[in-house]
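Okay, so here's the structure we're looking at.
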Amino acid sequence: MENNELWRAVLAQMQLHISKANFATWFQNTDITLKDNERVVISVPNAFSKEWLSNKYYKLLLKTMHNMDHTIKDLEFTISPQSFKVSRLENSLESEKNDIEQLKFDEFKINKDTSLNPKYTFENFVVGSFNELAYAAGLAVSENPGHAYNPLFIYGGVGLGKTHLIQAVGNKIADDSRKKKVKYMASEKLVSAIVTAIRSNTMEAFKASLAHIDVLIIDDIQFIAGKNKSQEEFFHVFNSLYEKNKQIILSSDRPPNAIPELEERLRSRLGGGMTIDVSLPDYETRLAILKTKLQEKNLKLPEDILEYIASNVKKNVRELEGALNSLLIYYKTNNNIPNLETAKRLLKGFIFSPFDVANYKKIIEMVSKFYNLEEKNLFDTTRRKEIVKPRQVAMFLLRKELKYSFPAIARKFGGKDHTTVIYAYKKILQESEENSKLTEELNIIKQRIYSG
Ligand code: ADP
Ligand code: MG
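With the numbering used here, the residue at position 105 of the sequence shown is 116, and numbering never jumps.
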C-alpha cells in the first residue's frame, strides 16, 4: 500500500474512535513521511500535536496500522512545518481540507437551544427488522409527545442508531412546532450540570431551567449508574416533567433492569413507559444502509463492492459507515473508483472474523458475568437452576459461535456425557425461539463477547 493510501485508511478508522472535533484538531495536516522496514514516521504540524498524538493516540494508531500492514511495529512523530506540504498533490490537499472543513461544519450546525444535530432525521434513518419497533415508537412519540409512550427508552449496543433515532424524534418535534421546547443532553453533561449546581448551590436555578421544557432527551443514561446524588436530582426532574405530561426520551446500552447501581425508584421510572431494543441489521438492511449513505453523498460504488461490505462488516452501522467513508476518501484522493481488490485491501481493518474476537475464555467470562456468577461456578456439578441455565447457555454459545464439537464441549465441562451437551444446545435453541427474554439475553451476551 502506498504511504498516502495507508494514511487515508488509518484516518478513516481513527474517525470511528474519536470525536469529530478531536479528529479535526489532532489529525489536520498530518501525514506519513517515511516508512522503512518496521517503522513509520508521521509528520505533524507542531510540537503540541506531536506531544498530544504520542501521548494519547500512539497505541491506537499503531494497532490500527499494524492491522493493515503487519510489518509495521513502531511509530515516530516528527514536526514538519506547513510549507512541506506544497509538494503534495494539489487535489489531495484540497480534498483533505474539504473533509476537515466538513467535520468542523458539522460541529457548528448543532442547534444552540436544543443541542440537537439537524443531520439526524427520520428521512435518513433506514428501517429494518432490527430497529422497526424502535422506529415506530419514536415516530409515534414525535407525533404525540407526552401522550404516546412516556418515557420512551431505547437500548442496544454501540453504533446501532440510538443517538440518531432519539435526535430524529427531537428534531421532528422541534420542526413541527416552534412552540415546543426540546432539549437534548448526553448523560455526562447532565451529571456534570448537576454536580456543578450542587457545588455552587444553584440547584433550584438548574431545575427551573428545565421546568419549561416539553421534551427532554437524555442519551446514554447508563452513565448515571453509581452517581447517587445525580440520580436523586434527576429523579425529581423526571417526576416534575412527567407529572406535567412532558415527554422524556432516554437511550442506554442496556435495559433499565440491567443497569447496575441504579436506585430502585429511578429504575422503575425509567422502565415505566415503553422500553425497546435495537439489535443488529441483517444483510439486506446493511446493503440498504450503504446505498442510502451513498445517495446522500450523491456518489456511486459498484454493486460487488457494496455487497462485499454488507457481507463482511457486520458489527454495527457506525462501522458500516466508516468502511464506506474509507473507500470514499480513496475515491476522492485518487480520482478513481476502487476495484474490488483495492477495496478489500482498504477494508482490511474493518472486516472482522468472529474467530478473532470470540474465544472460549470470552464466552465463559461474559456468560458468568451476565448471570452474576463466578466463572468456576459454571463448572460446578450441581442441578441448581441458577447454575444449570447459564451453563447450558455457555455450551450453546461454544457450539453456535465457535463451532466446537459436542464432545469437545463435554470435555471442557468435566467430561460430561456429550449427549448432555446436545440436550443443552437443543434446549437453548428451542427456548430462544419461543421465549423473547432468552433471545434478548443471548443477544446482549453475544454483543459483549464481540465488542470486548
Ligand atoms: P449509537 O448511538 O447507537 O451508538 P449512532 O446513532 O451514533 O449509534 O449511529 C452511528 C452512526 O450510524 C451514525 O452516523 C448514524 O447516523 C448511523 N446510523 C445508525 N443507524 C442508522 C440507520 N438505521 N439508518 C441510517 N443511519 C444510521
Ligand atoms: Mg449514541
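Note that the Cβ used here is the ideal one computed from N, Cα and C, for glycine as well.
**Item:** Environment of R189 [buried if 16+ CB atoms lie within 10 Å]
**Value:** Classification of R189: exposed, given that the 10 Å Cβ count is below 16.
When you compare the CB positions of Y191 and A197, do they come within less than 8 Å of one another, or not?
This sequence places Lys at residue 191; Tyr is not what is there. Not closer than 8 Å, so no.
contact_flag[the stretch 323–335, the stretch 15–28] where n(CB pairs < 8 Å) is 3 or more
Verdict: yes, contact present.
If you measure from the CB of N128, is any heavy atom of the ligand ADP nearer than 7 Å? Answer for N128: no, Cβ out of range of the ligand ADP.
| query | Going by DSSP, what residues sit across from M285 in a beta bridge? | reply | Checking the DSSP bridge columns, you'll see M285 partnered with L163.
Since F136 and H175 should fall inside the 8 Å C-beta cutoff, what is the C-beta to C-beta distance between them, to a whole number of angstroms?
With a Cβ gap of about 6 Å, F136 and H175 count as contacting.
- Query: Where do the ends of the beta strand (DSSP E) carrying E87 lie?
  - Reply: Unbroken beta strand (DSSP E) run through E87: 85–90.
Between which two residues does the alpha helix (DSSP H) containing Q258 stretch? Careful: Q258 lies outside any alpha helix (DSSP H), inside the beta strand (DSSP E) at 258–263.
**Prompt:** Name the DSSP beta bridge partners of L45, please?
**Reply:** Bridge partners of L45: V52.
Can you give me the Cβ contacts of Y146 inside the same chain, cut-off strictly under 6 Å, excluding the 5 residues immediately before and after it? In its chain, beyond the 5 residues on either side, V138 have a beta carbon closer than 6 Å to the beta carbon of Y146.
**Request:** Spell out the partners DSSP gives M196 in its beta bridges.
**Result:** According to DSSP, M196 bridges with I229.
- Anyone know if the C-beta pair for L144 and F133 falls short of 8 Å? Taking a C-beta distance under 8 Å as the contact criterion, L144 and F133 do not qualify as a contact pair.
Looking at the structure shown, is Y341 part of a helix, part of a strand, or coil, going by DSSP?
If DSSP states are grouped into helix, strand and coil, Y341 belongs with the helices.
First through last residue of the alpha helix (DSSP H) which encompasses N182
Per DSSP, the unbroken alpha helix (DSSP H) holding N182 starts and ends at 173–187.
Looking at K326 and the ligand MG, is the gap between the Cβ and the nearest heavy atom below 7 Å?
Relative to the ligand MG, K326 has its C-beta separated by 7 Å or more from all heavy atoms.
- [ ] Can you have a look at Q403 and say buried or exposed, based on whether 16 or more other CB atoms are within 10 angstroms of its CB?
- [x] Under this definition Q403 is a buried residue.
On the CB-based measure, 16 or more other CB atoms within 10 Å of its CB, does P349 come out buried or exposed? In this structure P349 is buried. Its beta-carbon is surrounded by 16 or more other beta-carbon atoms within 10 angstroms.
Taking the alpha-carbon positions, what's the R459 to R395 distance?
In this structure, the CA atom of R459 is about 25 Å from the CA atom of R395.
Beta-carbon within less than 7 Å of K238's beta-carbon, same chain only, minus the 5 sequence neighbours each way: which residues are those?
These residues qualify, in order along the chain: V202.
### Message
Just to confirm my understanding: we take M214, look at its own chain, exclude 5 residues before and 5 after, and list those with CB closer than 6 Å. What are they?
### Response
Within the same chain, A208 come within 6 Å of M214 by CB-CB distance, once the 5 residues on both sides are set aside.
- Consult DSSP for K304 and reduce its assignment to one of helix, strand or coil. K304: helix per DSSP, three-state reduction.
(Q) Which same chain residues end up closer than 6 Å to K448 when comparing Cβ atoms and leaving out the 5 residues on each side of it in sequence? (A) None.
Check: When you compare only the Cα positions, how much space is there between Y382 and I433?
Finding: Approximately 22 Å, taken between the alpha carbons.
Taking 7 Å as the cut-off, is the CB of K173 close to at least one heavy atom of the ligand MG? Flag set: Cβ of K173 near the ligand MG.
From K183 to P162, what distance separates their C-alpha atoms?
Here the C-alpha atom of K183 lies approximately 17 Å from the C-alpha atom of P162.
With the cut-off set at 8 Å, would you say S322 and A20 are in Cβ contact?
Their beta carbons are not under 8 Å apart, which means S322 does not touch A20 by this criterion.
With DSSP as the reference, label H429 as helix, strand or coil.
In the structure shown, H429 adopts helical secondary structure according to DSSP, grouped into three states.
Closer than 7 Å: is that where the CB of Y461 sits relative to any heavy atom of the ligand ADP?
For Y461, the shortest C-beta to heavy atom distance toward the ligand ADP is 7 Å or greater.
Quiz item: Considering only the beta carbon of each residue, do G168 and Q258 sit closer than 8 Å?
Solution: With contacts defined as CB atoms closer than 8 Å, G168 and Q258 fail to qualify as a contacting pair.
Practice task
Just the C-alpha distance for R356 and G170, rounded to the nearest angstrom, thanks.
Solution key: Spanning the alpha carbons of R356 and G170 requires a straight line of approximately 23 Å.
Next item on the list: May I ask you to check if the CB of E332 is nearer than 7 Å to at least one heavy atom of the ligand ADP?
Entry: Yes, Cβ of E332 sits closer than 7 Å to a heavy atom of the ligand ADP.
Taking all protein chains shown into account, decide if G172 is buried (16 or more other Cβ within 10 angstroms of its Cβ) or exposed. Burial is judged here by how many other beta carbons sit within 10 angstroms of a residue's own beta carbon; G172 has at least 16 and is buried.
Classify S447 as helix, strand or coil using the three-state DSSP reduction. Of the three classes helix, strand and coil, the one that applies to S447 here is helix, per DSSP.
- Under the three-state DSSP convention, the category S211 falls into: Assignment of S211 by DSSP, reduced to helix, strand and coil, places it in the coil class.
Note to self: Between S262 and Y166, how many whole angstroms is the CB-CB distance? I'm expecting something under 8 Å.
What the structure shows: The distance from the Cβ of S262 to that of Y166 is about 7 Å, consistent with a contact at the 8 Å cut-off.
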